[in-house]
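Colleague: Per UniProt numbering, the sequence shown starts with residue 1, numbered consecutively. Where a beta carbon is used, it is the ideal one built from N, C-alpha and C, also for glycine. First the structure, which I've put down as structure tokens, then a few questions once you've had a look.
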Amino acid sequence: MASRNENLETIQREMTAFARRARGTAARMHPELSLVSFTLLAHLEERNGCRATDLAAHYLLDKSTVSRQVAALEKLGFVERRPDPEDHRVQMLHTTPRGAEALATAARNRRRMFDERLADWDAEDLARFADYLTRYNTARP
């Protein structure tokens, strides 16, 4: 049986490989959406809009990174700015119908990719993997 340190090393290595694969396949999910762009756009849709500073805080990204990503999404017609109904000085970001369609396309492609990659996993393995990922992603840092 591997030691705790060996298991942690394996987890780190495999999570790094997972992240690299995710970035590498992002363009296949939707040619106009990077992994970061997809993530930000999905967040906007889930939250029914938010401020750019909220995106930066939620994903622990630099404001300039979010600004560049949002500008690219706006240029593609996937995001639009609207005044905050509670404070008209603040701009809220919202997905456009075109952005929602891009998300739907990317989601279908991602689902197909996961379905193909995990095709030979039985229901119990899938449930355990889903539980472990959820547990990992909801754990406090």
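State yes or no: is the C-beta of Gly49 within less than 7 Å of the C-beta of His94?
Modeller: In the sequence shown, the residue the question calls residue 49 occupies position 49. In the sequence shown, the residue the question calls residue 94 occupies position 94. Taking 7 Å as the Cβ cut-off, Gly49 and His94 qualify as a contacting pair.
Colleague: If you follow the alpha helix (DSSP H) that Pro85 is in, where does it begin and where does it stop?
Modeller: In the sequence shown, counting from the first residue as 1, residue 85 sits at position 85. Element bounds for Pro85: n/a, residue is neither H nor E.
Colleague: Since Asn137 and His30 are thought to touch, with beta carbons under 8 Å apart, how far apart are those beta carbons, to the nearest angstrom?
Modeller: To locate residue 137, count along the sequence shown from 1; it is residue 137. To locate residue 30, count along the sequence shown from 1; it is residue 30. Between His30 and Asn137 the Cβ distance is about 23 Å, and since that is not below 8 Å, they are no contact.
Colleague: Indicate whether Glu124 and Leu76 have their beta-carbon atoms separated by less than 7 Å.
Modeller: What you label residue 124 is simply residue 124 of the sequence shown in a count that begins at 1. What you label residue 76 is simply residue 76 of the sequence shown in a count that begins at 1. No. Outside cutoff.
Colleague: Please classify Leu60 as buried or exposed, where buried requires at least 16 neighbouring CB atoms within 10 angstroms.
Modeller: In the sequence shown, counting from the first residue as 1, residue 60 sits at position 60. It is exposed - the Cβ of Leu60 has fewer than 16 other Cβ atoms within 10 Å.
Colleague: How would you write the range of the alpha helix (DSSP H) that His30 sits in, first residue to last?
Modeller: Position 30 of the sequence shown holds residue 30. Taken as a continuous stretch (DSSP letters only), His30 belongs to no alpha helix (DSSP H), as it is neither H nor E.
Colleague: Between Gln91 and Arg81, which are expected to be in contact by the criterion C-beta below 8 Å, what is the C-beta distance as a whole number of angstroms?
Modeller: Position 91 of the sequence shown, counting from 1, holds the residue named residue 91. Position 81 of the sequence shown, counting from 1, holds the residue named residue 81. Gln91 to Arg81, Cβ: 4 Å. Contact.
Colleague: In whole angstroms, give me the CA-to-CA distance for Glu9 and Glu86.
Modeller: In the sequence shown, counting from the first residue as 1, residue 9 sits at position 9. In the sequence shown, counting from the first residue as 1, residue 86 sits at position 86. Spanning the two alpha carbons is a distance of roughly 48 Å.
Colleague: Answer yes or no: do Ala52 and Phe78 have a C-beta to C-beta separation smaller than 7 Å?
Modeller: By 1-based counting over the sequence shown, the position of residue 52 is 52. By 1-based counting over the sequence shown, the position of residue 78 is 78. The answer is no: Cβ separation not under 7 Å.
Colleague: Assuming the contact rule is C-beta atoms closer than 8 Å, Leu35 and Ala26 should be a hit. Round their C-beta distance to whole Å, please.
Modeller: Position 35 of the sequence shown holds residue 35. Position 26 of the sequence shown holds residue 26. So it is a contact: roughly 4 Å between Cβ atoms.
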